[in-house]
Amino acid sequence: MKTFFTFLALLLASAGFCAAAGQAVPRVPVLEGEPWDICVMPDLGAMKGPVPRDQHIVDHGFLLRPDGKWTLWACIRGTAAGRILYGWEGDSLTEGPWRPLGVTAQADPLWGENAAGPNPESGTVPGTPQAKAPRWRGAVIQAPYFLKWGDEFLCFYNSNGIRVMTSRDGKTFARRGTPPDGNLLYADGGRDVMVLPVGGVLHAYSTISTKDRRGYIMLRTSTDLKNWTPGKNVNEGGPGGSGPVSAESPFVVALDGYFYLFRASSENGKTYVYRSLKPDDFGVNGSSKLVATLKLKAPEVIHHEGRWFISDLGNFQSLKLRRLEWHPAPAEP
């Protein structure tokens with residue numbers, strides 16, 4: 038199961054920023070302080086789901102707009118309309134809950150999106166475990182991720198493929214191109230996409246779950262949002278398991294010469310953090326690159342004005358934020 042760095046943080050990431058020029062500094066992420074609510078389950082009115090306990094706020098993305106306000110979009114599953122994207126806005130990362138904006142997007146069949154269900158993207162790609170399939174039915178649009186790229190704001194998401202919306206002001210987003218597939222980046226990308234620029238190359242990480250119940254993190258790269266490299270398995274297995282929901286909501290941070298993959302597991306509600314000198318290798322069926330295990334669900338990481346924050350799904354009825362620190366660590370073996 039998805040966020041956005043401020044523009045400064047993205048520049049640092051793309052440059053492979055190091056505390057000491059030419060020297061990589063290994064660190065370990067550590068949770069600090071107590072969490073606070075940044076948004077709560079809204080009143081969906083006629084779109085309210087038939088089973089309240091199954092209506093969940095899940096994968097999400099943050100955006101700092103040019104006007105200085107924050108936007109948050111999240112997928113809400115279990116509604117009467119299936120999975121939808123819903124928005125909030127706020128003035129500060131440390132003060133919440135933020136103001137609800139309403140439904141921001143639904144799957145649109147005109148664009149070839151998954152507006153009918155049943156929803157293969159919710160559990161596995163291309164098939165869903167039967168034990169999970171009946172719980173969340175209906176249309177699928179999920180896992181928004183925001184990125185400033187050139188003179189546009191991009192919102193990546195999945196709905197029958199990995200897709201993108203664009204915006205000039207960071208407020209109003211529209212599907213890119215023309216239907217039926219103008220906004221489709223690639224069809225076989227799974228779900229929970231997150232995109233990190235590294236040296237001018239977009240690195241798109243996503244969750245792949247297979248019919249034989251494997252789960253892993255896939256990477257594809259592009260310089261133009263049009264031509265993408267074949268998918269590469271960059272992380273699978275290890276202590277987090279290898280089942281269809283064991284490698285979800287990937288999020289990669291570039292810091293001091295290293296890359297850190299945050300990989301969530303719905304099997305146990307934990308997030309596993311892997312450290313690597315390369316953005317395309319976090320270890321497959323091993324734990325040599327594992328540096329931390331956090332009790333968080335599907336976190337997104339934000340760097341703003343020198344401070345780090347990390348999100349958590351909590352009980353699925355609100356999204357929480359808390360402080361994140363990076364402590365010095367021994368070098369990798």
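Once you know that position 294 of the sequence shown is 331 in my numbering, the rest is easy, because the numbers rise by one and skip nothing.
Cβ coordinates follow ideal geometry from the N, Cα and C atoms, glycine included.
Proximal residues to residue i (C-beta, below 6 Å), its chain only, five neighbours per side dropped
i: E362; result: V67, E69
i: G306; result: K334
i: C192; result: P181, F183, M202, F210
i: S313; result: F296, F319, K326
Residue i and residue j closer than 8 Å at C-beta
i: N272; j: A284; result: yes
i: G127; j: W107; result: yes
i: Y295; j: P63; result: yes
i: T244; j: P287; result: yes
i: S204; j: G227; result: no
i: L327; j: T308; result: no
i: Y253; j: V289; result: no
i: M78; j: S324; result: no
i: R114; j: W186; result: no
i: M255; j: G274; result: no
Helix, strand or coil at residue i [DSSP, three-state]
i: G207; result: coil
i: W148; result: helix
i: R344; result: strand
i: R251; result: coil
i: K357; result: strand
i: D349; result: strand
i: D91; result: helix
i: G115; result: strand
i: V232; result: strand
i: M78; result: coil
i: A153; result: coil
Buried versus exposed, by CB contacts within 10 Å (16 or more), residue i
i: P87; result: exposed
i: H364; result: exposed
i: N195; result: buried
i: T215; result: exposed
i: R136; result: exposed
i: A111; result: buried
i: E337; result: buried
i: P103; result: exposed
i: D249; result: exposed
i: A301; result: buried
i: N322; result: exposed
Nonlocal neighbours in the same chain, by C-beta distance under 7 Å from residue i, ignoring five residues either side
i: G133; result: W73, D74, I75, C76, G127
i: A329; result: V65, P66, V310
i: K357; result: P72, W73, D74, I75, S348, D349, G351
Residues near residue i in its chain [Cβ-Cβ closer than 8 Å; skip 5 each side]
i: P217; result: L147, W148, G149
Do the segment 133 to 144 and the segment 107 to 119 meet, that is, are 3 or more Cβ pairs less than 8 Å apart? Look at the beta carbons and you see the segment 133 to 144 touching the segment 107 to 119: at least three pairs across the two are nearer than 8 Å.
Inter-stretch contact (C-beta, 8 Å, three-pair minimum) for the segment 214 to 233 and the segment 250 to 270: Judged by pairs of C-beta atoms under 8 Å, the segment 214 to 233 touches the segment 250 to 270, as three or more such pairs exist.
Check whether the segment 90 to 108 and the segment 305 to 324 are in contact - that is, three or more C-beta pairs closer than 8 Å. Because the criterion of three Cβ pairs below 8 Å is not met, the segment 90 to 108 and the segment 305 to 324 do not touch.
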